[in-house]
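Everything below concerns the one structure shown next.
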Amino acid sequence: MTFRILTIASLTIREAARRRLVAALAAITVVMVGLSAWGFERLSHSHSLTSGESNLAVPQALILFMFMFSFVVALSASAMASPAVASEVESGVLLTVGARPIRRSEILVGKWLGLAVLLAGYAIAVSALEMGVVDAVSGYLPPSPVLITVFLFSEGLLLLTLALLLSTRLSSLAAGVIGIALFGAAWLAGVVGSLGSTFNINAMRTIGSVSRYVLPTDGLWHGAIYHLEPTSMMAERLSEGRNADPFFVHTGPSWYYLLWVSAWFVIVLVGSVISFERREL
Amino acid sequence: MSQTSSADHFARPFNGPGTGPPVPSSVPGGSEAESSQGDPGGRGSPAIHALGLHKRYGKTVAVASLSMSVGRGEVFGFLGPNGAGKTTVVKMLLGLVRPSGGEAMVLGAPIGDRETRRRIGYLPELFRFQPWLNAAEVLALHCRLLELPKRSWDQAVADSLRVSGLTDRSGDKVGGFSKGMQQRLGLGVALLGDPELVVLDEPTSALDPVGRHDMRQIIRGLRTRGKTVFLNTHLLAEAEQVCDRVAVLDKGVAIATGTLAELLGQHGRVRVKLGTVDGSCTKILSKFGAWQRDGDWIILERIENDSIPDLVAAIIGGGGRVEAVIPEHQSLEDRFLELLDER
Ligand SMILES: Nc1ncnc2c1ncn2[C@@H]1O[C@H](COP(=O)(O)OP(=O)(O)OP(=O)(O)O)[C@@H](O)[C@H]1O
Ligand SMILES: [Mg+2]
Chain E
0 MTFRILTIAS
10 LTIREAARRR
20 LVAALAAITV
30 VMVGLSAWGF
40 ERLSHSHSLT
50 SGESNLAVPQ
60 ALILFMFMFS
70 FVVALSASAM
80 ASPAVASEVE
90 SGVLLTVGAR
100 PIRRSEILVG
110 KWLGLAVLLA
120 GYAIAVSALE
130 MGVVDAVSGY
140 LPPSPVLITV
150 FLFSEGLLLL
160 TLALLLSTRL
170 SSLAAGVIGI
180 ALFGAAWLAG
190 VVGSLGSTFN
200 INAMRTIGSV
210 SRYVLPTDGL
220 WHGAIYHLEP
230 TSMMAERLSE
240 GRNADPFFVH
250 TGPSWYYLLW
260 VSAWFVIVLV
270 GSVISFERRE
280 L
Chain U
0 MSQTSSADHF
10 ARPFNGPGTG
20 PPVPSSVPGG
30 SEAESSQGDP
40 GGRGSPAIHA
50 LGLHKRYGKT
60 VAVASLSMSV
70 GRGEVFGFLG
80 PNGAGKTTVV
90 KMLLGLVRPS
100 GGEAMVLGAP
110 IGDRETRRRI
120 GYLPELFRFQ
130 PWLNAAEVLA
140 LHCRLLELPK
150 RSWDQAVADS
160 LRVSGLTDRS
170 GDKVGGFSKG
180 MQQRLGLGVA
190 LLGDPELVVL
200 DEPTSALDPV
210 GRHDMRQIIR
220 GLRTRGKTVF
230 LNTHLLAEAE
240 QVCDRVAVLD
250 KGVAIATGTL
260 AELLGQHGRV
270 RVKLGTVDGS
280 CTKILSKFGA
290 WQRDGDWIIL
300 ERIENDSIPD
310 LVAAIIGGGG
320 RVEAVIPEHQ
330 SLEDRFLELL
340 DER
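Order-wise, the sequence lines are chains E and U. Position 99 of the first sequence, counted from 1, bears residue number 98 in numbering that gives the first Met the number 0, the numbering being contiguous throughout. Position 286 of the second sequence, counted from 1, bears residue number 285 in numbering that gives the first Met the number 0, the numbering being contiguous throughout.
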């Protein structure tokens, strides 16, 4: 069983490499990291900022950059996963593969695994490059870079899993568009929720907390922010008392929230397997 | 050079069919199955046995309670007009599509059985392969999916490439293949691992005349080696040349099944040219069934093939002269059109 899953996983990885997906992502990432290196260099050596201001501005800017990267990671995840099943059903490639002694579940889990490995590689490369470059240029390294990477990866993996589920039923295009739209909606709902808790508007707060459970991408992104914030920033922001900033959080995700996220993965993945098993080729 | 490869079992198109005795398979999976005792693969059972197989897509009935049986070692032709449900039946047999009703056994196991699919080769009507792989890589992928022993891969891939005539294009990306080349590759994939049952859905739809000829040789070669072939086709001449038995499907219903002889019947049409046609002569003719004039010729519409000599003897015995006799065998195409007309 593992052998067959690995066959499909390695095929998926080979496809990404052959189709120059890996090369394209690498090129774009190098350009973006280069741009941010230049920006951070300017920021940390700017004469118009006091050293205290600069100490806050660099982490703040890093959060913004990492947000952008999290967006790229999530978009790539959705773009990779949405055609994974749909395009092969449409083209007929799955007719010959599906007629072999392999279970549908093995095909699906193999694809998921292959894409997850690609995504992990990408998330690690992006986080290490960006945080490494910022550290080298401005001397700032967030408290726990590994956890940031894990949150960034989990957020992408979540969208990947969702897009794969959609891909078992919808066309590649529809699966991709719906996946990304839901990701955007979840982020917006998160902002609405944080506004709601700042200004004590219950309905808005509810939207935020419900969406955190339905599609936990924003919750995971909050985990990444939390670990990107230096303690000095935390102290300053907490003394201000207000928290309407979508790029600031004062607590990390709770363990039961993370437990729910794990359950979410299992539920959606099992759902994809069932959906694919019922799909006619 | 002695070749003991699994694909030598595929007839070699350019050497003609049945050249030399069958060589034992070098693929352990294949020889193991053949040497094992008892009835592990349900060898005593028919290759395909369907009972009331039914498939509905919304309101469309694609297949209406189809029952049929295909024996081991048979070349079975599955004929029918566009949309008759041939592809749907094949997909159900392979577990790619779920039947709405009925059941079927393939090689002694219920349809969709994973282990059984190891012994089935399938060339789909829509033959597409990962366009970013080359031909040899596609075949190697299927060796992996079939879980053939790794040491046999190279040989299996090389044999498949040879049978499909793609040896010199093995390193080229499949995405750049012509349609016919892709179909040839599909055949190579279907024949990998020396399957007991080969399911071909319109296998010559994209092939040139040489390719069609090769395909017939390959099918005959498979039969010589005791393999079962299930052939979906529109090409009735082709079916006539290679099939032992055929079924005709129309609108999801099997309207005729049997050997070609059974289907075409023992009745044929015969044209006779007589010197003179007088009263006694017409009496004799009428004994052999309905007849009509066509210029100088007399046409007897349905006469038993065996009784043509009797007809000639009777006319001569009655004092007539027989100048020519032309038996006109009904072709499968005529019969096919007739069957569809009758409905
Ligand atoms: N996925 C599907 N969804 C809806 N209807 C389908 C589907 N597949 C097949 N059908 C319908 O089932 C019927 C049989 O189709 P099928 O493809 O089995 O025919 P066929 O005999 O193989 O025809 P052809 O000779 O053209 O290949 C048709 O009416 C077709 O419209
Ligand atoms: Mg068809």
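From the three backbone atoms N, C-alpha and C, an ideal C-beta is built for every residue, glycine too.
Quick check on this structure: which residue in U/Val197, U/Lys90, U/Gly278, U/Pro130 has the alpha carbon closest to the alpha carbon of phenylalanine 75 of chain U? The residue with the shortest Cα to Cα distance from phenylalanine 75 of chain U is U/Val197.
Quick check: the Cα distance between glutamate 33 of chain U and glutamate 195 of chain U, rounded to an integer number of angstroms? Since pLDDT at glutamate 33 of chain U reaches only 38, below the 50 mark, its modelled position is unreliable, and no value is offered.
Do proline 109 of chain U and glycine 70 of chain U count as a contact pair if the criterion is CB distance below 8 Å? Going by beta carbons, glycine 70 of chain U and proline 109 of chain U fall outside the 8 Å limit.
Locate the beta strand (DSSP E) running through threonine 227 of chain U, then write down its first and last residues. Secondary structure note for threonine 227 of chain U: its beta strand (DSSP E) is the uninterrupted segment 227 to 232.
Between the Cα of threonine 258 of chain U and those of U/Lys272, U/Val241, U/Arg268, U/Gly274, spot the shortest distance and give me the residue it belongs to. Threonine 258 of chain U has its Cα closest to that of U/Val241, out of U/Lys272, U/Val241, U/Arg268, U/Gly274.
Just the Cα atoms here: how many angstroms apart are glycine 107 of chain U and serine 68 of chain U? A direct Cα-to-Cα measurement between glycine 107 of chain U and serine 68 of chain U gives close to 12 Å.
Give every residue of the same chain whose Cβ lies closer than 7 Å to the Cβ of valine 21 of chain E, excluding the five residues on either side of it in the sequence, and list them in chain order. The beta carbon of valine 21 of chain E lies closer than 7 Å to those of Ala15 in the same chain, with the five residues before and after it left out.
Answer yes or no: does any C-beta atom of chain E fall closer than 8 Å to that of arginine 116 of chain U? Judged by the 8 Å Cβ criterion, arginine 116 of chain U is in contact with chain E.
Methionine 79 of chain E in three-state terms, based on DSSP: Three-state DSSP puts methionine 79 of chain E in a helix.
Compare the C-beta of tryptophan 360 of chain U against all C-beta atoms of chain E and say whether one is closer than 8 Å. As shown, chain U starts at 0 and ends at 342. That puts residue 360 of chain U outside it, with no answer to give.
Taking the C-alpha atoms as reference points, what is the distance between alanine 188 of chain E and asparagine 199 of chain E? Computed Cα separation, rounded: 15 Å.
Answer yes or no: does any C-beta atom of chain E fall closer than 8 Å to that of serine 35 of chain U? Because the pLDDT at serine 35 of chain U is just 38, under 50, the model does not fix this residue reliably, and the value given afterwards should be weighed accordingly. Taking 8 Å as the CB threshold, serine 35 of chain U stays off the interface with chain E.
Check whether the Cβ of lysine 85 of chain U sits closer than 7 Å to any heavy atom of ligand 2, and report yes or no. Distances between the C-beta of lysine 85 of chain U and the heavy atoms of ligand 2 include at least one below 7 Å.
Flag this pair as yes or no: are the beta carbons of proline 85 of chain E and leucine 169 of chain E separated by less than 8 Å? The amino acid occupying residue 85 of chain E in the given sequence is alanine; proline does not appear at that position. In contact: alanine 85 of chain E and leucine 169 of chain E (Cβ atoms closer than 8 Å).
Kindly indicate if chain U contains any beta-carbon less than 8 Å away from that of glycine 97 of chain E. Residue-level contact by beta carbon holds for glycine 97 of chain E and chain U, with a gap shorter than 8 Å.
Would you mind reading off the limits of the beta strand (DSSP E) that contains isoleucine 325 of chain U? Membership of isoleucine 325 of chain U in the beta strand (DSSP E) is indicated by the continuous run 321 to 327.
Following the continuous beta strand (DSSP E) through aspartate 249 of chain U, name the residue where it begins and the one where it ends. First-last of the beta strand (DSSP E) with aspartate 249 of chain U: 244 to 249.
Near arginine 342 of chain U, what residues of its chain come up, given a Cβ to Cβ distance below 7 Å and the 5 sequence neighbours on each side ignored? These residues qualify, in order along the chain: Asp249, Ile254.
Where histidine 44 of chain E sits in the DSSP three-state scheme: It is coil, neither helix nor strand.
Return the residue from the list E/Ala174, E/Ala223, E/Leu158 that minimises the CA-CA distance to leucine 214 of chain E. When each option's Cα is compared against that of leucine 214 of chain E, the closest is E/Leu158.
Presumed contact (8 Å Cβ cut-off) between serine 9 of chain E and glycine 113 of chain E, rounded CB distance: 7 Å between Cβ atoms; contact.
Closest by C-alpha distance to methionine 104 of chain U, when choosing among U/His48, U/Thr227, U/Val209, U/Arg116: Answer by Cα proximity: U/His48.
By the three-class DSSP mapping on this structure, what secondary structure does glutamate 341 of chain U have? In the structure shown, glutamate 341 of chain U sits in a helix (DSSP, three-state: H, G or I).
Can you pull the DSSP bridge partners for histidine 48 of chain U? DSSP, once it has assigned bridges, lists U/Ser68, U/Met104 as partnering histidine 48 of chain U.
Taking Cβ-Cβ distances shorter than 7 Å, what residues in chain U pair up with arginine 17 of chain E? In chain order: Trp131.
Locate the beta strand (DSSP E) running through glutamate 300 of chain U, then write down its first and last residues. Counting along the chain, the beta strand (DSSP E) containing glutamate 300 of chain U begins and ends at 296 to 303.
Can you list the residues of chain U that isoleucine 101 of chain E reaches, using a CB-CB cut of under 7 Å? Below the 7 Å Cβ cutoff, chain U contributes Leu144 as neighbours of isoleucine 101 of chain E, in chain order.
Compare the beta carbon distance of leucine 268 of chain E and threonine 160 of chain E with 8 Å and say whether it is the shorter of the two. In this structure, the beta-carbon distance from leucine 268 of chain E to threonine 160 of chain E falls below 8 Å.
Could you tell me which chain E residues have their CB closer than 8 Å to the CB of proline 173 of chain U, listed as they occur along the chain? The identity of residue 173 of chain U in the sequence shown is valine, whereas the question assumes proline. Result: empty, since nearest Cβ-Cβ is about 10 Å, beyond 8 Å.
Below 7 Å, is the gap between the Cβ of asparagine 231 of chain U and the nearest heavy atom of ligand 2? Yes, the beta carbon of asparagine 231 of chain U sits closer than 7 Å to at least one heavy atom of ligand 2.
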